[in-house]
Every structure is written in C-alpha cells, then in structure tokens.
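Under our numbering, think of the first position of the sequence shown as 1, with each following residue one higher. Just so it is clear, CB atoms sit at the ideal spot from N, CA and C, and this is done for glycine as well. These figures come from a predicted structure and were not determined experimentally.
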Amino acid sequence: MGGQSLTIRADRKVFRKQDFIFGFTGSFRLGQLLAHSFDPPEKHAKTDVYAFMVTEFVNALRRCLQDGGFAQKHNEAETGGTFLVGYHGRLFKIHTDYQVGEAADGYDACGCGQQIALGALFASADSPPHERVAMALNAAERFSTGVRGPFHFETLEAVE
C-alpha cells in the first residue's frame with residue numbers, strides 16, 4: 001500500500017510488569033517479548049539502581065531477546081530494541097546496543113515522534129506530569145505520521 005495505510009493495534013506500547021513500566025518503539029515483537037517472556041531479575045537491596053540496570057537487568061534482557069529470536073548480530077555486534085523503562089522512580093532508556101541511558105532532564109522519549117515529544121516536554125516544564133505527557137503525545141501525533149493514539153498511561157510512585 002506504499003505507506004498510505006495504518007492499523008491501530010489492540011496490544012499496547014506502554015505497560016506495567018512487576019515493579020517496572022515499559023514503553024517501546026519499533027517492532028511489536030519487542031513489546032511481546034518484554035510483556036510475556038522477559039522475567040526482570042530482582043534488585044538486591046544494597047545494589048545501586050543504575051548498576052542493577054546496566055548489569056543484571058540488561059543481561060536478563062539480552063537472554064530474553066536472544067531466546068525470542070529478536071536479537072540480531074551484525075559483524076559480531078549484537079543489537080536489540082529501543083524502549084523506556086520506569087523503575088524505582090527513575091526513567092531509563094535502553095538503546096539498541098543495550099546501553100542504559102538516564103536523561104539529566106528527568107524525562108525522555110523514544111521512537112519516530114521523539115524530538116517532537118521532547119520539545120513539548122521541555123516547553124511544558126511547569127505543567128503537571130500527566131498533562132505534560134499528554135501534550136507530548138498529542139504533539140507527536142499531530143506532527144509525526146508514525147504516532148497514533150489511543151494513548152495509555154502508567155505511573156510509578158516516587159521513591160525517596
């Protein structure tokens with residue numbers, strides 16, 4: 001159809017699993033594996049959250065994506081997918097090379113509407129969180145052909 005059609009899917013791109021919130025971009029296979037196959041490890045009480053994410057979490061993620069046939073190898077470099085993870089009151093971005101990022105601004109986005117969403121989040125800094133996210137999604141939907149509702153919201157409690 002030459003890029004002139006679209007399908008609104010029933011499966012969500014944002015969902016909660018255990019103590020995590022996931023939001024993915026790209027292939028729905030990534031989301032299916034995260035939602036139905038990935039078993040996030042438990043963080044030990046004394047382990048730093050960031051250290052946990054870059055080691056135990058990513059190692060378990062790699063195994064899941066390999067077992068599910070999603071991970072790819074090109075010139076011996078393994079790649080997965082891009083997604084956001086909310087955990088322990090923090091927001092992390094997992095990149096295709098499995099690096100774990102945490103934006104200094106306290107918010108992030110991924111996917112084809114990323115730059116539009118980030119601009120809206122920046123411009124709405126004085127608004128309540130749910131309103132900011134809704135504005136970012138609406139702006140991305142308006143100006144990016146690859147972004148469509150319905151949008152689903154999940155929240156985590158802040159960790160002191």
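Note down the Cα distance separating Gln114 from Glu131, rounded to an integer number of angstroms. 17 Å
Distance between Asn75 and Ala109 (C-alpha atoms, nearest Å): 29 Å
Rounded to whole angstroms, what is the Cα-Cα separation between Gly86 and Phe57? Going by the C-alpha atoms only, they are around 13 Å apart.
Compare the C-alpha of Leu137 against each of Ala158, Leu156, Cys112 and name the closest. Cys112
Three-state secondary structure assigned by DSSP to Val147: coil
For Gly31, tell me which candidate among Asp19, Glu42, Val14, Val54 has the shortest Cα-Cα distance. Val14
Suppose the cutoff is 6 Å on Cβ atoms and the five residues either side in sequence are ignored; what does the same chain contact list for Ala140 look like? Cβ neighbours of Ala140 within its own chain (closer than 6 Å, five residues either side excluded): Gly113, Ile116, Ala117, Val147.
Examine the ligand PLP and report whether any of its heavy atoms sits within less than 7 Å of the Cβ of Gly106. Only the bare structure without any ligand can be found here, which leaves the ligand PLP out of the picture.
Beta-carbon gap between Gly80 and Tyr107 smaller than 8 Å: No, Cβ-Cβ distance for Gly80 and Tyr107 is not below 8 Å.
Rounded separation between Leu61 and Pro150 - CA only: The straight-line gap from Cα to Cα measures roughly 27 Å.
Enclosing alpha helix (DSSP H) for Val58 [first to last residue]: 58-67
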